[in-house]
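One line per chain: the protein sequences are U and D, in this order. Count along the first sequence starting at 1, add 31, and that's the number in my numbering. Count along the second sequence starting at 1, add 31, and that's the number in my numbering. Some notes on the structure that comes next.
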Amino acid sequence: MTRIGRRRPRRSGPERRYCLPDPAAALTDELIAREIPEGCRVVDLGCGDGRLIEMLRRDRACDVIGVEVDEESVVEAVGRGVPTLKLDLDEGLPDLPDDGYDVAVLSQTLQQVRRPRQVLQELKRIAPRALVTVPNFGHWKIRWQVARGRTPVTSLLPYEWYDTPNLHVMTMRDFRELATSLGFKILKEIPILNGVAVERAWAANFRADSALYVLRRK
Amino acid sequence: MPPPVPETTTGPTAGGDGVGLVTQSEATLFAGDDVLATQSGRKLGPIVVRYETYGTLSPERDNAVFVCHALTGDAHAAGRYAEADRKPGWWDGFIGPGRGLDTDELFVICANVLGGCRGTTGPGSTDPETGEPFGLTLPFLTIGDMVEVHVALARHLGIDRLLGVIGGSLGGMQVLEWVARHPEMVGAAVCLATAGKLSAQGIAFNAVGRRAVTVDPNFADGRYTPETPPATGLALARMIAHITYLSEASIELKFGRKLQDGDAFGYRLRDETEFQVESYLNYQGRRFVERFDANSYLYLTRAMDYFDLAAEHGSLEHALGRTDARFLVASYTTDWLFPTEQSRELVRALLATGRDVSFLEFDSPYGHDAFLIEQELPRLASVVGPFLRATRERLAEGGRR
């Protein structure tokens with residue numbers, strides 16, 4: 032699905048909206064699950080159809096809850112038997128109690144919210160530990176497309192500039208700086224290459240398409 | 032811009048014939064010494080309850096769902112008494128095979144509320160001590176008293192634990208009160224367009240409605256005869272209340288400023304059906320007095336005014352934190368009588384005590400009445416059905432909710 036060196040299709044509309052392929056999503060879910068101790072309380076912000084928390088409840092005996100803004104996704108998640116709240120992250124999370132959870136997950140969502148700082152602060156308030164995955168706009172394919180004068184479109188960021196839900200672009204370095212400035216300690220940074228975690232990758236900020244961060248409140 | 036109001040359709044939206052023909056049953060509870068000690072301190076008994084059931088109770092008795100009706104609802108929630116009935120029960124589109132409350136899987140119970148006027152003991156019932164109708168001598172009733180009667184009925188039917196209790200508005204208040212009073216009895220609590228207390232605005236509208244009833248010359252301190260009820264006052268109360276069940280957008284789109292007859296003003300000061308919206312409210316008022324009792328209206332609206340879960344149990348957290356029930360709380364964007372913020376107050380308390388809670392605010396033009404509107408039912412069913420199914424599986428697994 033890489034479109035480097037080839038003319039990009041100029042079609043627009045729904046058929047252009049490739050979703051993150053399921054295998055990659057499942058891989059990311061597994062990476063996240065690995066960082067979550069059994070039996071703990073987990074809140075998944077931007078939980079989509081609730082796949083991750085369903086798995087955590089079933090296999091890891093976690094006490095889970097999801098937050099999702101899209102009604103259809105909420106309905107699907109409730110159908111999976113996981114408690115889910117239809118709330119908009121952009122309006123903050125005033126209903127969620129301080130320290131109500133052991134771990135807060137924010138997977139592939141931060142780039143889509145209007146105020147990433149505010150969402151990260153809420154994360155810090157509701158749980159001492161956070162797992163955040165973000166797309167890495169420092170990836171070489173993206174840099175290459177930008178260098179050639181185009182707004183990047185890649186398999187992980189499959190949207191044209193005018194209809195993207197991704198409001199913010201950041202690189203791994205950018206995210207590290209933001210998280211630190213907000214009072215998080217970065218326990219782990221796991222670059223993800225083609226859906227697979229590669230810890231201690233060479234030139235990670237150049238090669239990773241996304242990254243998983245394990246953060247702890249300082 | 033307000034969302035558009037789709038064309039109104041009649042009849043159930045789900046396929047099939049629904050639950051078909053139904054009959055009503057009657058139980059006499061709180062008989063002998065076992066009288067109900069009402070919250071106001073007075074005793075009441077025996078209490079007759081009229082109810083309907085749909086579907087079959089499983090041998091494990093693990094599939095019972097109790098439907099709590101709203102202010103002017105009744106036990107006739109689904110089906111028809113006879114093929115020729117003009118209308119089915121009030122939630123027919125939601126109850127039946129393949130519907131939100133799937134009667135192929137569930138045993139659904141709906142009972143007329145205590146204090147109402149559809150067969151369960153209320154102000155119109157005969158006081159066994161005097162042989163006369165109770166009228167206003169019936170003890171003051173609360174949501175808690177209504178719930179105790181529901182609980183007694185469930186037990187009478189051999190059900191100690193309900194898979195679910197569901198209700199909207201006043202029905203939702205009963206659901207909340209139920210889990211607060213009998214936390215071990217409920218597997219799933221579905222609270223629609225409701226709140227932990229009636230807002231000051233809600234009390235205000237109820238006060239005006241009651242005044243309309245009591246100033247009717249026919250009211251006679253509640254001792255009116257069935258032939259000469261305070262119909263004008265009760266109809267007026269209904270007209271006022273009905274406005275609060277709709278939304279500004281739905282009234283605008285349904286009626287706008289359209290005139291009832293023709294397109295020119297009649298210049299008649301006292302014409303009460305000049306505008307379509309006027310004519311509609313008049314019709315609603317007229318129909319209401321055919322099926323509802325004025326004294327019941329006073330009792331039930333007062334019960335609603337008094338409802339304050341936090342005050343009664345110390346706090347919302349105390350009221351809701353002792354149950355293992357899973358909660359589904361849903362509100363509607365254009366409901367200004369029970370606004371979303373009140374649902375979120377419940378959600379906050381449930382989250383603070385670590386309860387299992389799901390919450391949705393449905394985007395709907397239909398205002399407070401949305402949970403009763405045919406077009407909204409498929410969407411509601413898509414959540415409630417799977418929610419109850421998941422709860423049943425969870426309970427079958429045993430232990431962890």
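C-beta: ideal position from N, C-alpha, C; glycine also.
Query	Result
CA-to-CA distance, Y244/U to G86/D, given in whole angstroms	51 angstroms
When G195/D, L290/D, Y311/D, I197/D are compared against R269/D, the one with the closest alpha-carbon	Y311/D
Environment of Q142/U [buried if 16+ CB atoms lie within 10 Å]	buried
Endpoints, the alpha helix (DSSP H) within which P90/D is located	Neither: P90/D is in no alpha helix (DSSP H) and is coded neither H nor E.
Member of S89/D, V50/D, H344/D, G147/D whose CA lies at the smallest distance from the CA of A325/D	G147/D
Validate contact between the stretch 102-111 of chain D and the stretch 147-162 of chain D using beta carbons, cut 8 angstroms, 3 pairs	yes
Counted within 10 angstroms of its Cβ, other Cβ atoms place P52/U as buried (16 or more) or exposed	Residue confidence for P52/U is low, a pLDDT of 43 falling below 50, so the modelled location carries little weight; the figure read from the coordinates is stated next. It counts as exposed.
Any C-beta of chain D under 8 angstroms from that of P85/U	Before going on, a small fix: residue 85/U reads as Glu here, not Pro. By this cut-off, E85/U is not an interface position.
Contact the stretch 206-216 of chain D vs the stretch 413-426 of chain D: 3+ CB pairs below 8 angstroms	no
Cβ-based burial, N225/U [other Cβ within 10 Å; buried from 16]	exposed
Cβ of F390/D within 8 angstroms of any chain U Cβ	yes
Contact the stretch 375-382 of chain D vs the stretch 340-349 of chain D: 3+ CB pairs below 8 angstroms	yes
Of the listed residues Y255/D, G233/D, S374/D, nearest to Y276/D (C-alpha basis)	G233/D
DSSP beta-bridge partners of I221/U	L243/U
Inter-stretch contact (C-beta, 8 angstroms, three-pair minimum) for the stretch 130-143 of chain D and the stretch 106-120 of chain D	yes
R160/U classed as buried or exposed, judged by whether at least 16 other C-beta atoms fall within 10 angstroms	buried
Residues in the stretch 111-125 of chain U having any Cβ partner in chain D nearer than 9 angstroms	R111, G112, V113, P114, T115, L116, K117, L118, P125
Beta-carbon neighbours of G77/U, restricted to chain D and to distances below 7 angstroms	Under the 7 angstroms cutoff, chain D gives no residues; its nearest Cβ is about 16 angstroms from G77/U.
Interface positions of the stretch 407-419 of chain D facing chain U (Cβ-Cβ less than 7 angstroms), listed along the chain	S413, V414, P417, F418
Exposure label - A108/U; buried when at least 16 CB within 10 Å	buried
L359/D and G218/D closer than 8 angstroms at C-beta	no
Contacts of E102/U in chain D (Cβ-Cβ under 8 angstroms)	L391, F393, D394
Beta carbon proximity, L137/U to chain D, threshold 8 angstroms	no
Cβ of P128/U within 8 angstroms of any chain D Cβ	yes
Same chain, Cβ closer than 6 angstroms to L223/D, neighbours up to 5 away in sequence not counted	G199, G203, A361, F402
Status (buried if at least 16 other CB within 10 Å, exposed otherwise) for E114/D	exposed
is_contact[V134/U, chain D] using C-beta, thresh 8 angstroms	no
Beta-bridge partners of P164/D, as assigned by DSSP	T157/D
C-alpha gap between G70/U and L76/U, whole angstroms	19 angstroms
Residue-level contact to chain U via CB, A341/D, 8 angstroms cutoff	no
According to DSSP, residues forming a beta bridge with T59/D	V79/D
The stretch 168-186 of chain D / the stretch 57-66 of chain D touching (three or more Cβ pairs under 8 angstroms)	yes
C-alpha gap between F323/D and D176/D, whole angstroms	20 angstroms
In DSSP terms, what F97/D is bridged to	I140/D, V196/D
Buried/exposed call for P43/D, threshold 16 Cβ in 10 Å	Because the pLDDT of P43/D is 42, which lies under 50, any placement of that residue in the model is unreliable, and the number read from its coordinates should be weighed accordingly. Buried: at least 16 other Cβ atoms inside 10 Å.
Proximity winner among Q176/U, A228/U, S104/U, relative to E61/U (alpha-carbon distances)	A228/U
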